[in-house]
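Data first, discussion second: the structure below is written as structure tokens.
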């Protein structure tokens, strides 16, 4: 059996992709690859709605930069799922984004939520028709064999956006050219294909009441149908959750680079990025609470009053980190 | 569980406890740690309950922890603190917040605690207590989860005079116990 490192993380995407990367390239530091990304994955629709792309989109280009191809294969039919199983049979590990409702080991969502949950599969055993399932989620760590038949409904029933993913070496050298400037732009600049971090925070600041109203209309997404059918409130909370993890992993990435001496003697902007990720999580969690609270509750105003200062601090930290990364990029040119 | 060092002064959280994170077997579920009802089984706390100074009705609906909402905790007597020890956990993710130690001046002290459902510490905190199962939403025992209380110890160098402590506004930071570690006598330079 292939031994996969006992890596855990609170983001199932990052945890699973890091584990999959480790199964493919055991010597690669997952923070070096997955953390080299600061994209919000957010876009602003004409009506002011914030929409978030799947976190895999920006990560795909991050993997390419590091010399890997991360491929996302949607599963809409049993034939699509069979292709994932064929890949497993060939000895290659894959990650799957499965409907949590059918994942027996995943107590957080089993029989209660149709949210997507990402885990790693490897070591297909034909005689027993089982596969090794590694769920490196911090709260649910699981590493055991499960019958493939048990996974079929999680991958093939309904339309929750199920998919399988593989990571393959491209055979090209990693290219780090412009990486620091790209990160700076993603934090506070034009943001590339998505809103930059500061643009996202400013949007929240300027239209906070409207977004609180959106969240309050249905604060808890997991109670409803498939993740793809969630309303704008739960999708906003999910998008902010992902961006929090993106920043947290970026902080880890910057610490890794600092340990390699990239920033001289200091930690570089890792601490400011880390703090931005923490404040953003507090904002997101308070928005979720406020969405479920009665406005007459005496705590409502106290919690509401936290949002602007936290967003302001997030803005300052993102700006400061972007400036530091830009300065470092210029030094290195 | 870690033994509290001799001389540590337990901060009396009793008037400020406003949340119920523990649930006893057979009790109706409350908001729990996370507002969804997920709770740490009271029967699995053992001696930790006494060490934390939890109320006798913990697990039966009595508030057992402080969800941080900006409360100010007055100490019985001011002291010169050489360290701060906090036992608690985050809900909805890890928490990293500034607590203000106040006397004539205010000293912000960062306290970082892992999530109550994490199996490993996210920071330099250590496990204070853990349970073999979780009371999940609706009070259902969930053997797949092992909730934990985390302990963070922050040295204060130089020591800080403290008469009261103001907590941050982040209700996802849950504090079950808090101690100040008195600093040694202030040294004066000899000629």
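Protein chains in written order, with our numbering: chain A, 1 to 333; chain B, 334 to 524.
Note that beta-carbon positions come from the ideal geometry of N, C-alpha and C, so glycine has one too.
Hey, quick one: how far does the beta strand (DSSP E) through residue 430(B) stretch, first residue to last? Working through the second chain from its first residue, we reach residue 430(B) at position 97. Unbroken beta strand (DSSP E) run through residue 430(B): 428–435.
Within-7 Å CB hit, residue 380(B) to chain A: Position 47 of the second chain, counted from the start, is the residue given in the question as residue 380(B). So no, residue 380(B) is outside the interface.
Which of helix, strand or coil DSSP assigns to residue 339(A): Chain A is shown from 1 up to 333; residue 339(A) falls before or after that span and cannot be answered.
Quick one: is residue 475(B) near chain A, going by C-beta distance under 7 Å? The count along the second chain starts at 1 and reaches residue 475(B) at position 142. Yes, residue 475(B) counts as interfacial toward chain A.
Return the chain-ordered list of same chain residues with a C-beta closer than 7 Å to the C-beta of residue 379(B), the five sequence neighbours on each side being excluded. Translated into positions along the second chain, residue 379(B) becomes position 46. Once the five neighbours on either side are set aside, residue 379(B) has no close Cβ partner at all.
Cutoff 7 Å: residue 138(A) Cβ touching any chain B Cβ: Position 138 of the first chain, counted from the start, is the residue given in the question as residue 138(A). Yes, contact with chain B.
Own chain partners of residue 373(B) with C-beta closer than 6 Å, once the 5 adjacent residues on each side are dropped: Position 40 of the second chain, counting from 1, holds the residue named residue 373(B). Cβ neighbours of residue 373(B) beyond the five flanking positions: 354, 355, 464 and 480.
Roughly how many angstroms separate the alpha carbons of residue 393(B) and residue 507(B), rounded to a whole number? If you number the second chain from 1, residue 393(B) lands on position 60. If you number the second chain from 1, residue 507(B) lands on position 174. Rounded to whole angstroms, residue 393(B) to residue 507(B) spans 18 Å at the Cα level.
If we call anything under 7 Å between Cβ atoms a contact, is residue 501(B) one with residue 417(B)? In the second chain, counting from the first residue as 1, residue 501(B) sits at position 168. In the second chain, counting from the first residue as 1, residue 417(B) sits at position 84. Not closer than 7 Å, so no.
At the level of alpha carbons, what is the spacing between residue 145(A) and residue 106(A)? Working through the first chain from its first residue, we reach residue 145(A) at position 145. Working through the first chain from its first residue, we reach residue 106(A) at position 106. When rounded, the distance between both Cα atoms is 14 Å.
Would residue 382(B) pass as a contact of residue 514(B) if the rule is Cβ separation under 7 Å? Here residue 382(B) refers to the residue found at position 49 when the second chain is read from its first residue. Here residue 514(B) refers to the residue found at position 181 when the second chain is read from its first residue. Not closer than 7 Å, so no.
Specify the secondary structure class of residue 344(B) as computed by DSSP and reduced to three states. By one-based count along the second chain, residue 344(B) stands at place 11. It is coil, neither helix nor strand.
Here's the rule I'm using: 16 or more other beta-carbon atoms within 10 Å means buried, otherwise exposed. How should residue 314(A) be labelled? The sequence position of residue 314(A) within the first chain is 314, counting from 1. Counting Cβ neighbours within 10 Å, residue 314(A) comes out buried, since at least 16 surround it.
Closer than 7 Å, CB to CB, is residue 285(A) near chain B or not? On the first chain, residue 285(A) is found 285 positions in, with the first residue counted as 1. Yes, residue 285(A) lies at the interface with chain B (some Cβ there is under 7 Å from its Cβ).
With a cut-off of 7 Å, does the C-beta of residue 505(B) fall near any C-beta of chain A? Numbered from its first residue, the second chain carries residue 505(B) at position 172. It does; some Cβ of chain A falls within 7 Å.
Reference residue 447(B); option with closest CA among 437(B), 438(B), 440(B) and 461(B): By one-based count along the second chain, residue 447(B) stands at place 114. It is 461(B).
Anything in chain A within Cβ reach of residue 403(B), meaning under 8 Å, just list it in chain order. For the purposes of this step, residue 403(B) is taken as residue 70 along the second chain, with counting starting at 1. Simply 302.
In chain order, what residues of the same chain have a beta carbon less than 8 Å from the beta carbon of residue 109(A), not counting five sequence neighbours either side? Residue mapping note: residue 109(A) aligns to position 109 of the first chain, counting from 1. Cβ neighbours of residue 109(A) beyond the five flanking positions: 100, 101, 103, 115, 117 and 222.
Of all the options 248(A), 296(A) and 214(A), which has the alpha carbon lying nearest to the alpha carbon of residue 277(A)? Looking up residue 277(A) in the first chain gives position 277. That would be 248(A), whose Cα lies nearest to the Cα of residue 277(A).
Can you tell me whether DSSP reads residue 484(B) as helix, strand or coil? As a position in the second chain, residue 484(B) is number 151, starting the count at 1. The answer is strand: DSSP assigns residue 484(B) an E or B state.
Given residue 150(A) as reference, the closest of 286(A), 130(A), 74(A) and 232(A) once Cα atoms are compared: Mapped onto the first chain, residue 150(A) falls at position 150. For residue 150(A), the nearest C-alpha among the options comes from 130(A).
Mind checking if residue 451(B) is an interface residue toward chain A, Cβ cutoff 7 Å exclusive? Along the second chain, read from residue 1 onward, the residue named residue 451(B) stands at position 118. Yes, contact with chain A.
Spell out whether any CB of chain B is found under 7 Å from the CB atom of residue 222(A). Counted from its first residue, the first chain places residue 222(A) at position 222. Summary for residue 222(A): the model assigns pLDDT 49, below 50, so the residue's position carries little reliability; its value from the coordinates is reported in the next sentence. Not closer than 7 Å to any Cβ of chain B, the Cβ of residue 222(A) fails to qualify, so no.
Within 7 Å of any Cβ in chain B, is that where the Cβ of residue 281(A) sits? Residue numbering aside, residue 281(A) sits at position 281 when the first chain is read from its first letter. Closer than 7 Å: yes.
Contact defined as beta carbons within less than 8 Å: I believe residue 252(A) pairs with residue 35(A). What is the distance between those atoms, to the nearest angstrom? Indexing the first chain from 1 puts residue 252(A) at position 252. Indexing the first chain from 1 puts residue 35(A) at position 35. At roughly 5 Å, the Cβ-Cβ gap stays under 8 Å, so residue 252(A) and residue 35(A) are in contact.
For residue 387(B), three-class secondary structure by DSSP: For the purposes of this step, residue 387(B) is taken as residue 54 along the second chain, with counting starting at 1. Coil at residue 387(B), not helix or strand.
What three-state label does DSSP hand residue 145(A) in the structure shown? Position 145 of the first chain, counted from the first residue, corresponds to residue 145(A). Reduced to three states, the DSSP call for residue 145(A) is strand.
Bounding residues of the beta strand (DSSP E) (the contiguous stretch that carries residue 194(A)): Counting from one through the first chain, the residue named residue 194(A) turns up at place 194. It is not in any beta strand (DSSP E) - residue 194(A) carries neither H nor E in the DSSP assignment.
Is it the case that the Cβ atoms of residue 217(A) and residue 319(A) are separated by a distance below 7 Å? The residue labelled residue 217(A) in the question sits at position 217 within the first chain. The residue labelled residue 319(A) in the question sits at position 319 within the first chain. Taking 7 Å as the Cβ cut-off, residue 217(A) and residue 319(A) do not qualify as a contacting pair.
For residue 429(B) and chain A, any beta-carbon pair shorter than 7 Å? Residue mapping note: residue 429(B) aligns to position 96 of the second chain, counting from 1. It does: the Cβ of residue 429(B) has a partner Cβ on chain A nearer than 7 Å.
Interface flag, residue 485(B) vs chain A, CB-CB below 7 Å: Here residue 485(B) is taken as the residue at index 152 of the second chain, counted from 1. The Cβ of residue 485(B) sits no closer than 7 Å to any Cβ of chain A.
Rounded C-alpha distance that separates residue 2(A) from residue 142(A): Along the first chain, one-based indexing puts residue 2(A) at 2. Along the first chain, one-based indexing puts residue 142(A) at 142. Low confidence applies to residue 2(A): its pLDDT is 42, below 50, so where it sits in the model is not reliable, and the reading given next is rough at best. Taking the CA atoms as reference points, residue 2(A) sits about 15 Å from residue 142(A).
Under 6 Å Cβ to Cβ from residue 282(A), same chain only, skipping five residues before and after it: list those, please. In the first chain, the residue the question calls residue 282(A) occupies position 282. 310, listed in sequence order.
Beta strand (DSSP E) containing residue 510(B): first to last residue? Within the second chain, residue 510(B) is the residue found at index 177, counting from 1. It spans 502–515 - the beta strand (DSSP E) in which residue 510(B) sits, taken as one unbroken run.
So, with DSSP's three-state summary, where would you put residue 20(A)? The residue labelled residue 20(A) in the question sits at position 20 within the first chain. Note: residue 20(A) maps to helix in three-state DSSP.
Let me confirm a value: residue 18(A) is counted as buried when at least 16 other C-beta atoms fall within 10 Å, else exposed. Which label applies? Indexing the first chain from 1 puts residue 18(A) at position 18. By the 10 Å Cβ count, residue 18(A) comes out buried.
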